[in-house]
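Scroll down for the structure; my scribbles are underneath it.
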Amino acid sequence: MQIRTEMVKDYEQVFQLNEIAFGNREDEAKLVERIRASEEFIPGLSIVAEEAGEIVGHVLISGAKVMEDNREHQVTVLAPIAVRPDYQGRGVGGLLIEEGKRRAAKLGFGVILLIGYPSYYPRFGFVPARAHGLELLQFPVEDNVFQVCELYDGGLNGLRGELKYPAAFF
Ligand SMILES: CC(C)(COP(=O)(O)OP(=O)(O)OC[C@H]1O[C@@H](n2cnc3c(N)ncnc32)[C@H](O)[C@@H]1OP(=O)(O)O)[C@@H](O)C(=O)NCCC(=O)NCCS
Numbered sequence: 000m001q002i003r004t005e006m007v008k009d010y011e012q013v014f015q016l017n018e019i020a021f022g023n024r025e026d027e028a029k030l031v032e033r034i035r036a037s038e039e040f041i042p043g044l045s046i047v048a049e050e051a052g053e054i055v056g057h058v059l060i061s062g063a064k065v066m067e068d069n070r071e072h073q074v075t076v077l078a079p080i081a082v083r084p085d086y087q088g089r090g091v092g093g094l095l096i097e098e099g100k101r102r103a104a105k106l107g108f109g110v111i112l113l114i115g116y117p118s119y120y121p122r123f124g125f126v127p128a129r130a131h132g133l134e135l136l137q138f139p140v141e142d143n144v145f146q147v148c149e150l151y152d153g154g155l156n157g158l159r160g161e162l163k164y165p166a167a168f169f
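In numbering that gives the first Met the number 0, the protein residues as written are 0 to 169.
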């Protein structure tokens, strides 16, 4: 299994992967396309898992802002993540998330935020975000679904305010 940066030649397979993983709907596959076409796209944070020449997993981490009064904090959000159904439950999702965390930290980001399963992401260091002074009003989700992961000691320091998902998400 190779974990590597997504390349243009992977786009079609990544589209199909997202479509299949999310139950044969195109919403997330199209979300990936909109994010790629946006200013918030960070090429090194679109990561694939490749096995025998096939794309079996993909995670996209992109830019977003946390607004605190007049201040703007640059953060990242993870969405979507998809593993091909026949490869699920073997740790591929975990490999993608850990690689994404390493790369985002290396690029200088302090945190990754996401909306996701409370039973899955905490094992990778995600905790409820509202308890850390972060808010999300665009999507009315429960406290344990809106999660944040600090990428290095102090990555969360001084970060407060409302997470604003960019236009590509709507
Ligand atoms: C979620 C997903 C990315 C995890 O990838 P994966 O490679 O299967 O994950 P891992 O092997 O690293 O970990 C497996 C764990 O994921 C959990 N998981 C998978 N789907 C889940 C779901 N719908 N709800 C909660 N947990 C889920 C499994 O229960 C398993 O937990 P366990 O180890 O306690 O048994 C993958 O299952 C997937 O593509 N699902 C469909 C798309 C999706 O829902 N994406 C996430 C949106 S937030």
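We treat Cβ as the ideally placed atom computed from N, Cα and C, and that holds for glycine.
> Per DSSP, what kind of secondary structure is proline 84 in: helix, strand or coil?
Replying inline: Against the sequence shown, residue 84 aligns to sequence position 85. Helix, per DSSP.
> Using a threshold of 8 Å, is the CB atom of tyrosine 86 nearer than that to any non-hydrogen atom of ligand 1?
Replying inline: For the purposes of this step, residue 86 is taken as the residue at position 87 of the sequence shown. Yes - ligand 1 has a heavy atom lying nearer than 8 Å to the Cβ of tyrosine 86.
> By Cβ distance, which residues of its chain are closer than 8 Å to glycine 124, with the 5 residues on each side in sequence left out?
Replying inline: Working through the sequence shown from its first residue, we reach residue 124 at position 125. So the qualifying residues of the chain are Lys100, Cys148 and Glu149.
>> Helix, strand or coil for isoleucine 41? Go by DSSP, reduced to three states.
In response: Numbered from 1 along the sequence shown, position 42 holds the residue referred to as residue 41. Coil at isoleucine 41, not helix or strand.
> In angstroms, rounded to a whole number, what distance separates the CA positions of valine 13 and alanine 103?
Replying inline: Position 14 of the sequence shown, counted from the start, is the residue given in the question as residue 13. Position 104 of the sequence shown, counted from the start, is the residue given in the question as residue 103. Distance between the alpha carbons of valine 13 and alanine 103 is about 21 Å.
> So which of Asp68, Phe108, Asp9 and Leu77 has the shortest CA-CA distance to glutamate 53?
Replying inline: To locate residue 53, count along the sequence shown from 1; it is residue 54. Here the closest residue by C-alpha is Asp9.
> What beta strand (DSSP E) runs, 3 residues minimum, are completely inside the stretch 91-140?
Replying inline: The stretch 91-140 contains these whole beta strand (DSSP E) runs: 110-114.
> If you compare alpha carbons, which of Ser45, Pro139 and Arg24 is closest to isoleucine 34?
Replying inline: Within the sequence shown, the letter at position 35 stands for residue 34. The option with the nearest alpha carbon to isoleucine 34 is Ser45.
> In three-state terms, what does DSSP make of phenylalanine 14?
Replying inline: Position 15 of the sequence shown, counted from the start, is the residue given in the question as residue 14. In the structure shown, phenylalanine 14 sits in a helix (DSSP, three-state: H, G or I).
> By how many angstroms is the C-alpha of valine 126 removed from the C-alpha of isoleucine 41?
Replying inline: Residue mapping note: residue 41 aligns to position 42 of the sequence shown, counting from 1. Residue mapping note: residue 126 aligns to position 127 of the sequence shown, counting from 1. In a straight line, the C-alpha of isoleucine 41 is about 24 Å away from that of valine 126.
>> For arginine 3 and glutamate 161, I'd like the C-alpha separation in whole angstroms.
In response: Position 4 of the sequence shown, counted from the start, is the residue given in the question as residue 3. Position 162 of the sequence shown, counted from the start, is the residue given in the question as residue 161. Spanning the two alpha carbons is a distance of roughly 32 Å.
> What's the gap between the Cα of glycine 109 and the Cα of valine 55?
Replying inline: The residue given as residue 109 occupies position 110 in the sequence shown. The residue given as residue 55 occupies position 56 in the sequence shown. Going by the C-alpha atoms only, they are around 28 Å apart.
>> At the level of alpha carbons, what is the spacing between glutamine 1 and valine 74?
In response: Along the sequence shown, read from residue 1 onward, the residue named residue 1 stands at position 2. Along the sequence shown, read from residue 1 onward, the residue named residue 74 stands at position 75. Answer to the nearest angstrom: the Cα atoms are 27 Å apart.
>> Here's the rule I'm using: 16 or more other beta-carbon atoms within 10 Å means buried, otherwise exposed. How should glutamate 5 be labelled?
In response: Here residue 5 refers to the residue found at position 6 when the sequence shown is read from its first residue. Looking at its Cβ environment, which holds 16 or more other Cβ atoms inside 10 Å, glutamate 5 is buried.
> Is glutamate 177 helix, strand or coil by DSSP?
Replying inline: This structure does not reach residue 177, given that the chain is present from 0 up to 169, and the question cannot be answered.
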